[in-house]
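Colleague: Structure provided below as structure tokens; questions to follow.
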Amino acid sequence: MTERCGYIAIVGRPNVGKSTLLNRILGQKLSITSRKPQTTRHQILGMKTEDEVQAIYVDTPGLHEGYTEKALNRYINKVASSTIKDVDLAVFVIDRTKWTNEDQVVLEKIKAANVPCILAVNKVDFLAEKTDLLPFLQEVSQKMDFVDVFPISAKHGKNVEELEKKIATQLPEG
Ligand code: GDP
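Below, the structure written as structure tokens:
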């Protein structure tokens, strides 16, 4: 496998399952050393090295607060894309039930940052029937040119390994 190393931001509105996903990904694989110099000004949350791939997960300040609808536009204008533009990839986590205004804010930031993005539709374990998800998946897939769209359950680890494999393919070589 090609050596790859890069920075990933897991983004999304509160409560969609970002921390759960990060913990699921990092698991026991937490590593404290990095081959890559710390050129990012983001806080490093954790790293995972596996099969020649080093994935460095970083924090994105400013994406965690909730916003009133009135404040949304102002907020979008005020906060530039700075929080996510220094990463190689964004993993955008949303909830399987609905698309909210807060999701829209996060989407706008990702678009403004012009960073490749994988959409993770989380908490699919709540669904009794897989087919119930399809119209929603179709709807959200249209929102931007995502690298890929993954229905996942961060809590139960469903489809998370597949997501990680996709993440790895998006990291810079060398
Ligand atoms: P964050 O605010 O985006 O970091 O969200 P958290 O990771 O704190 O998760 C918010 C809540 O959703 C917690 O109670 C999690 O246990 C729950 N949660 C996260 N992922 C899943 C999932 O895949 N399935 C279910 N059923 N619950 C989940």
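For the sequence shown, the residue numbers in the numbering used here are 56 to 229.
Each residue gets a CB set at the ideal place from its N, CA and C atoms; glycine is no exception.
(1) Mind checking Phe147: buried by the 16 CB within 10 Å criterion, or exposed?
(2) Report whether the distance from the Cβ of Ala209 to the nearest heavy atom of the ligand GDP is below 7 Å.
(3) Beta-carbon separation of Pro227 and Asp143 under 8 Å?
(4) Can you have a look at Glu157 and say buried or exposed, based on whether 16 or more other CB atoms are within 10 angstroms of its CB?
(5) Skipping 5 residues on each side, what residues in its chain have a beta carbon closer than 8 Å to that of Gly121?
(6) What residue from Leu182, Ser196, Gln109 has the CA that sits closest to Cys172's CA?
(7) Can you tell me the Cβ-Cβ gap for Thr75 and Ala209, rounded? I've got them flagged as a contact below 8 Å.
(8) Between the C-alpha atoms of Glu194 and Phe181, what's the straight-line distance to the nearest angstrom?
(9) For the putative contact between Ala64 and Ala223, defined by C-beta atoms under 8 Å, what is the C-beta separation to the nearest angstrom?
(10) Using alpha carbons as the reference points, say which of Gly229, Gly61, Met102, Thr152 lies closest to Val179.
(11) Since Ile139 and Val71 are thought to touch, with beta carbons under 8 Å apart, how far apart are those beta carbons, to the nearest angstrom?
Modeller: Once the coordinates are examined:
(1) buried
(2) yes
(3) yes
(4) buried
(5) Per-residue confidence for Gly121 stands at a pLDDT of 48, beneath the threshold of 50, marking its modelled position as unreliable; the derived number appears in the next sentence. So the qualifying residues of the chain are Arg68, Pro69, Glu157.
(6) Ser196
(7) 4 Å
(8) Rounded to whole angstroms, Glu194 and Phe181 show a C-alpha spacing of 19 Å.
(9) Ala64 to Ala223, Cβ: 16 Å. No contact.
(10) The alpha carbon of Val179 has as its nearest neighbour, out of Gly229, Gly61, Met102, Thr152, the alpha carbon of Thr152.
(11) The Cβ separation is near 16 Å, so there is no contact.
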